[in-house]
Each structure stands twice: as structure tokens, then as C-alpha cells.
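Numbering (my numbering), first residue to last: 4 to 155. Note that CB positions come from ideal geometry on N, CA and C, so glycine has one too.
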């Protein structure tokens, strides 16, 4: 799953598997207030406990026009969405669940960090994964809020 933190909100997009292991973002995008820890934990725990739906056919042109994440926050473009955002990725790797932080890459894409932030055995209770994930995300958000902003 993908988790975005942007301007006081946690955004949880709907993900689906297309062909092979290509994952696509769809609407709806759930936007939760960063201060509502319990709702964020519940949403992440639910997503961890359910397999991604499979989508066989999509209209690429129509999907490209929707831009689910920018639209969820009324941003006009991906760059406008991504610039103040931070992405986290929670996924299966082998028999484990892995939480990865990202940093901004060229043109406001996101590049995964080299080392995982946290690793859980695959059979860990989704509620525990949800709680610990949210704690790490909130800690990072607090740290970012106290750092002075740097201009390029």
C-alpha cells in the first residue's frame, strides 16, 4: 500500500494489481486528518489484511486524466501534489511486511530509501502493523514540522 502525508492529511489511495506486478492508483483516495490516529490505524490495518483487487482492463488515457491523488487534494498537477508530500510504502517482501520511507527524486517523483524503516514477520497481526506504521509516520511528521524549511 502507498501512504502519503501532505499538509496535515494522510492520503490512502485505492490500489489494484494490473498485469504481473504493476500496481495502479485508483479512486477513491481516502483523506484522513493527521491527528486522527485511530482512523488511520484502522484504515491501514484493514488494507494490510485484504489482498489487492485485480484489474484486467483499464483505459490508460482515461486513467491518466483522473490523477486520483492530485484530485483528492484539489492540486492542479502531480508536481503541485508531490512537492509538499511524503510517501511511505508498505508491502510484502518474501515472507515479511516492510515499511519504506521515500524521498523526492527528480521531477518530484518518489524514490524509496535504501533501507526499510521497519520489517514485520508476514504473520504479524494487521492491527499491530497499523499502529506501528502510524507511530513511525507521525514521528516523522513531527520531526519534519520542527525542521526549518530549506529553499533550493
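Short Cβ contact (9 Å threshold) for residue i with residue j
i: residue 92; j: residue 84; result: no
i: residue 11; j: residue 38; result: yes
i: residue 72; j: residue 7; result: yes
i: residue 125; j: residue 146; result: no
i: residue 105; j: residue 113; result: yes
CA-to-CA distance, residue j to residue i, given in whole angstroms
i: residue 18; j: residue 149; result: 32 Å
i: residue 177; j: residue 116; result: Residue 177 falls outside the range modelled here, since the chain spans only 4 to 155, and no answer is possible.
i: residue 142; j: residue 30; result: 28 Å
i: residue 21; j: residue 27; result: 7 Å
i: residue 118; j: residue 58; result: 30 Å
i: residue 89; j: residue 122; result: 19 Å
i: residue 80; j: residue 98; result: 37 Å
i: residue 78; j: residue 127; result: 36 Å
i: residue 32; j: residue 109; result: 24 Å
Per-residue burial, residue i [other beta carbons within 10 Å of its own, 16 or more giving buried]
i: residue 55; result: exposed
i: residue 133; result: buried
i: residue 87; result: exposed
i: residue 140; result: buried
i: residue 16; result: buried
i: residue 131; result: exposed
Own chain, CB closer than 7 Å to residue i, minus 5 neighbours either side, in chain order
i: residue 136; result: 47, 93, 102
i: residue 154; result: Note on residue 154: pLDDT 46, under 50, position unreliable in the model; no value is reported.
i: residue 129; result: 48, 51, 52
i: residue 42; result: 35
i: residue 144; result: 8, 37
Chain-order list of residues whose beta-carbon lies under 8 Å from that of residue i (same chain, five-residue window excluded)
i: residue 45; result: 133
i: residue 4; result: 15, 18, 47, 50, 51, 92, 93, 94
i: residue 40; result: 137, 141
Sequence-distant residues of the same chain with beta carbon closer than 6 Å to residue i, five excluded per side
i: residue 3; result: Outside the displayed range of the chain (4 to 155) lies residue 3, so it cannot be described from this structure.
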